Amino acid sequence: MINTASLRAEQSDKARLIVRDDQLGFTEPDWIAGADVGFEQDGTITRAAIAILSYPGLDLVEYQIARVPTNIPYIPGLLSFRECPALLAAWQKLTIKPQLLFVDGQGIAHPRRLGVASHFGLLADVPAIGVAKSRLCGQHRPLTEAPGDLAELTDKNEFLGWVWNSKARCKPLYISVGHRISPDSALTWVKRCMRGYRLPEPTRWADAIASRRPAFLRWLAEHPEKSID
DNA sequence: GCGACAG
DNA sequence: ATCTTGTCGC
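Next up, the structure:
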């Protein structure tokens, strides 16, 4: 069994190291990446994928996949301990290191302010943004139906991030600081990576690769030379 | 004690 | 997250 109390203590400890201001080191990045994980065989294997996209073209130029045994079960609030090992393995395989990374999950919009996007951003020492598809904690004004509607996500009087209607008739995105970036920049860069879908391109590709979606399999068929594993 | 709860 | 067909709406 795992000691959840010590893991929570570790989060509170590391949360103090998260940088909530811009340390981007670029005006226009060359590469922006997306990171996500999927599971194989009843969840016994965690498959992490990191997709490197060109900017501003947003074309998939590289991807790496890492498969590692799943050690920790899914426990709300402790997701990073389940996913970071695999994500780090994929990260180390990269030929191109992105200047900015979108992680599927919360950044500081977390009970102890260390969601997977912040935790991984800290471990990899890379500017990171948390792009989640649902809420973990915090409160916000009900959004309208209007695409582009934006609300602040707050908890205990503390600003955590944004709730944003990225596309009409779709559930909103929860965007928060991961590491080394400001809340405003996080929102700006997510917006700059949208291409008409609910999810920004880096996240969309990472999800397609990690979960072997048809879109990725079709891309592979058209780019046999870029096939790995 | 009860309800909520990223992926 | 994952298992899965059809179906409703733009």
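Its first residue numbered 521, the first sequence is counted upward by one per residue in this note's numbering.
Note that CB positions come from ideal geometry on N, CA and C, so glycine has one too.
Quick caveat, the model's predicted, so the values are computed rather than measured.
State the Cα-Cα distance for the pair residue i and residue j, rounded to the nearest angstrom.
i	j	result
Trp709	Val588	31 Å
Asp579	Ala525	42 Å
Glu560	Ile616	26 Å
Ala758	Ala730	Outside the shown range of the chain, which is 521 to 749, sits residue 758, and nothing can be said about it.
Thr723	Asn523	31 Å
Arg732	Ala571	13 Å
Pro692	Leu614	31 Å
Lys687	Pro720	11 Å
Leu573	Leu642	21 Å
Gln584	Asn591	21 Å
DSSP on residue i, reduced to helix/strand/coil?
i	result
Ala629	coil
Asp743	Before going further, note that residue 743 is His rather than Asp in the sequence given. Coil.
Tyr540	First, the residue type needs correcting, since residue 540 is Arg and not Tyr in the sequence shown. If DSSP states are grouped into helix, strand and coil, Arg540 belongs with coil.
Thr547	coil
Lys534	helix
According to DSSP, which residues form a beta bridge with residue i?
i	result
Trp682	Glu672, Ile695
Can residue i and residue j be called in contact, C-beta distance under 8 Å?
i	j	result
Phe679	Pro703	yes
Val623	Ala555	yes
Gly577	Gly650	no
Cys604	His630	no
Whole alpha helix (DSSP H) runs in the stretch 552-628 with 4 or more residues, listed along the chain?
599-613
Those runs of the alpha helix (DSSP H) which lie wholly inside the stretch 629-670 and span at least 4 residues:
Fully enclosed alpha helix (DSSP H) runs of 4 or longer: 636-644.
For the stretch 711-737, list the alpha helix (DSSP H) runs that are entirely contained and at least 4 residues long, ordered along the chain.
721-730
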